[in-house]
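Numbering (this note's numbering), first residue to last: 16 to 283.
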């Protein structure tokens, strides 16, 4: 897929308002875009793509809308390029403005950063006092919707690589996929297990690769851990030792590997 930085201020982007699409429909669209190798990102329920890919994206929309029976949702004037958008006046909080507090100390740093990015994109003024978010009370509904989307994993984080190696490479996702592909067919495959363990050694559930939804990445890491645990359990288990309830460890490993493979197939 073409490298693209959605934060590049010089890039012309096209925005698609998909607030009327549910999460499953948005997921189907994201999978179709990935399969077509169209770079894209999300800001809340708004899809963002490079201007050069507008025609190809429109074709993907037609296919997905026809397949899912959602023609007419999120079309027409809701698609705007950055060049067409009227610049919004930046809002600021008044000194005497009534504020609502949201304690977010239990949230990960990445999630809190996503909150700030999303509020900025929505032109909602805010400030932080340690891990407590303060916003105008009149914006409560919009803020709570943003928090819900981030908490549920609907917002894709963009992790910028500043040259310090802090960004997790997309190859780690590919390694998990290939491990699932091999281990679902043969849980005893040594190469598949080695690839799985190597990916687990560098994977951080809190920091997904560029363009991967946080929720999808966390599920990927959870399934990979379950798969590794099942294979470790199975290493000392006779394949003929089958229980009526769960089957043997290798059967369980094959089932988890299939789930891992199916989860990642649309993204590879």
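Just so you know, even glycine gets a beta-carbon here, dropped at the ideal spot from N, CA and C.
Note that this is a predicted model, so its numbers are computed, not measured.
Item                                                                                                                                                                 : Value
Go ahead and pull the three-state DSSP assignment for residue 110.                                                                                                   : coil
May I have the straight-line CA-CA distance separating residue 106 from residue 187, to the nearest angstrom?                                                        : 40 Å
Note down the Cα distance separating residue 238 from residue 273, rounded to an integer number of angstroms.                                                        : 10 Å
What does a CB cutoff of less than 8 Å around residue 201 pick up in its chain, not counting 5 residues either side in sequence?                                     : 207
Starting from residue 204, trace the alpha helix (DSSP H) both ways and give me its first and last residue.                                                          : Looking at the DSSP string, residue 204 is not in any alpha helix (DSSP H), and its letter there is neither H nor E.
Check the DSSP bridge columns for residue 276 and list the partner residues they point to.                                                                           : DSSP lists no partner for residue 276.
Leaving out the 5 sequence neighbours to the left and right, which residues in its chain are closer than 7 Å to residue 190 when beta-carbon positions are compared? : 210, 213, 214
Taking residue 134 as the reference, which of 158, 111, 122, 115 has the closest Cα?                                                                                 : 158
Name the residue from 279, 276, 244, 281 whose alpha carbon lies nearest to the alpha carbon of residue 267.                                                         : 244
Check each candidate in 161, 120, 125, 127 and name the one with the smallest Cα separation from residue 138.                                                        : 161
What number of angstroms, rounded off, separates the C-alpha of residue 270 from the C-alpha of residue 276?                                                         : 10 Å
Ignoring anything shorter than 3 residues, give me the beta strand (DSSP E) runs that lie fully in the region 41-74, in order along the chain.                       : 56-58, 61-65
Do residue 278 and residue 227 count as a contact pair if the criterion is CB distance below 8 Å?                                                                    : no
Grouping DSSP H, G and I as helix and E and B as strand, with all else coil, what is residue 229?                                                                    : helix
So is residue 113 buried or exposed if we call it buried at 16+ other beta carbons inside 10 Å?                                                                      : exposed
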